[in-house]
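Residue numbers (numbering that gives the first Met the number 0): 0 to 299.
All residues carry an ideal CB built from backbone N, CA and C; glycine is no exception.
Remember, predicted model here, so these are calculated numbers, not experimental data.
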Amino acid sequence: MDASFDYYKAFYYVAKYSNFTKAAGAMLSSQPAVTRSIQNLESELGCRLFIRSRHGVTLTPEGKLLYRYVAPACERILRGEEELGLALGLHGGSVSIGATETALHCLLLDRLSDFQQEHPDVKIRISNGTTAQVLSDMKEGRTDLAVVPTPFQIEKPYTSVRLRPIRSVLVGGSRFAHLCSTPLSLSDLKQYPLAGLSGSTMSYRFYEDFFAAHGLSLHYDIEMANADLLLPVARHNLGLAFVPEKLVEDSLEQGKLFSIPLKEEIPLRHVCLVRDPGRPLGAAARCLLELLMKERSPQN
Numbered sequence: 000m001d002a003s004f005d006y007y008k009a010f011y012y013v014a015k016y017s018n019f020t021k022a023a024g025a026m027l028s029s030q031p032a033v034t035r036s037i038q039n040l041e042s043e044l045g046c047r048l049f050i051r052s053r054h055g056v057t058l059t060p061e062g063k064l065l066y067r068y069v070a071p072a073c074e075r076i077l078r079g080e081e082e083l084g085l086a087l088g089l090h091g092g093s094v095s096i097g098a099t100e101t102a103l104h105c106l107l108l109d110r111l112s113d114f115q116q117e118h119p120d121v122k123i124r125i126s127n128g129t130t131a132q133v134l135s136d137m138k139e140g141r142t143d144l145a146v147v148p149t150p151f152q153i154e155k156p157y158t159s160v161r162l163r164p165i166r167s168v169l170v171g172g173s174r175f176a177h178l179c180s181t182p183l184s185l186s187d188l189k190q191y192p193l194a195g196l197s198g199s200t201m202s203y204r205f206y207e208d209f210f211a212a213h214g215l216s217l218h219y220d221i222e223m224a225n226a227d228l229l230l231p232v233a234r235h236n237l238g239l240a241f242v243p244e245k246l247v248e249d250s251l252e253q254g255k256l257f258s259i260p261l262k263e264e265i266p267l268r269h270v271c272l273v274r275d276p277g278r279p280l281g282a283a284a285r286c287l288l289e290l291l292m293k294e295r296s297p298q299n
């Protein structure tokens, strides 16, 4: 006999509550899934375990016999999981999160600061990279959660939730300060050097689509692999650059960069939380997840 422990766990909860729906709730599962587990267990054991009626379910004589052995075992295992969760919880626990440069500065650093103040004993590991790198780390289990800006592509079972909108602006250094007075059109930008991330990034795809929507092609005079180089390039007058507004607030106030108005409206991007809902999270990661979900955008 090689029945899965999940089958016995379902059997334990159904017997405990005498109800499939309540058992599903206790297991954070669905009633059909619990029903399938019981059917599979009955098939493997070769006997009926429950008598079903309109008033619920009761154990058969065989079910009662099995429950005498399964209940103590399940309760010990569940208690062990609870004790382990406390041992690996917020006191001395850890959380690993991946994020792009944009996601870090537009949301995550502020929220991690709040998290650390509430849970100073938790070790935080941050993995920084491009959207593709961050998502790959999350999928391969190197990080618990991923925080990335749109656009990106994911497939099931991974899920994403929009946390906060990102407004982008066109900026330039003092050499281009005279452009602040009158809005430019996208077609006017071909007269000036333009800097941006390389064609392998999702940022490039976003702005490529933006230009294409207005019948134009995107061409950067200066291409970079890392977003953290955009602001130094713009401040040194090497070219104009599209950047998230939050990243340049201080530089704009200090007069190190200048916001250049456009006739065309730059579409909003969004910082998103991406995770594998089927992957169990430790106590620290669950706590951070709850904190981030408080940022959830209304449209979600």
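Considering only the beta carbon of each residue, do residue i and residue j sit closer than 7 Å?
i	j	result
G238	I221	yes
S308	A9	Since the first and last residues shown for the chain are 0 and 299, residue 308 lies out of range.
L290	F4	no
G97	S126	yes
S17	G62	no
M49	T34	Looking at the sequence itself, residue 49 is Phe, so the reference to Met does not match. Cβ distance not < 7 Å, so F49 and T34 don't count as in contact.
L193	Y157	no
V146	L107	yes
T129	T200	yes
L287	L183	no
S112	D143	no
A176	F257	yes
E264	H213	no
L246	H104	yes
S159	P243	no
A226	A233	no
If I follow the unbroken beta strand (DSSP E) through residue i, where does it start and stop?
i	result
N127	122 to 127
G97	93 to 98
S199	Element bounds for S199: n/a, residue is neither H nor E.
L272	268 to 274
S258	257 to 259
Does residue i pass the burial test, meaning 16 or more other C-beta atoms within 10 Å, or should it be called exposed?
i	result
A283	buried
P231	exposed
R148	A small fix is needed here, since residue 148 is Pro in this sequence, not Arg. Buried, since its Cβ has 16 or more Cβ neighbours within 10 Å.
M292	exposed
C179	exposed
L272	buried
L169	buried
S42	exposed
A14	buried
A224	exposed
Y68	exposed
L134	buried
L64	exposed
R274	buried
T101	buried
S173	exposed
S29	exposed
L77	exposed
L188	buried
L40	buried
A32	exposed
A72	exposed
A211	exposed
So residue i packs on residue j, CB below 8 Å; how close in whole Å?
i	j	result
R124	S93	7 Å
P164	H269	5 Å
Y6	A25	In fact, because the Cβ distance is near 15 Å, the residues do not count as touching under 8 Å.
P266	F209	6 Å
Y278	L162	Note that residue 278 is Arg in the sequence shown here, rather than Tyr. Contact flag wrong, Cβ pair sits at about 19 Å.
E207	L217	5 Å
Just to confirm the assignment, what range does the alpha helix (DSSP H) spanning residue i have?
i	result
R141	Segment: none, R141 is in no alpha helix (DSSP H) and carries neither H nor E.
S112	108 to 117
C105	Taken as a continuous stretch (DSSP letters only), C105 belongs to no alpha helix (DSSP H), as it is neither H nor E.
L280	Unbroken run through L280: none, as it is neither H nor E.
- Task: Would you list, in sequence order, the uninterrupted alpha helix (DSSP H) runs of no fewer than 4 residues that lie entirely inside the segment 203 to 248?
- Result: With a minimum length of 4 residues, the continuous alpha helix (DSSP H) runs that stay inside the segment 203 to 248 are 229 to 234.
- Taking only runs that begin and end inside the segment 148 to 191, name each unbroken beta strand (DSSP E) of 3 or more residues, in chain order. 158 to 165, 167 to 171
- In chain order, each alpha helix (DSSP H) run of at least 4 residues that lies wholly inside the segment 5 to 80: 19 to 25, 30 to 44
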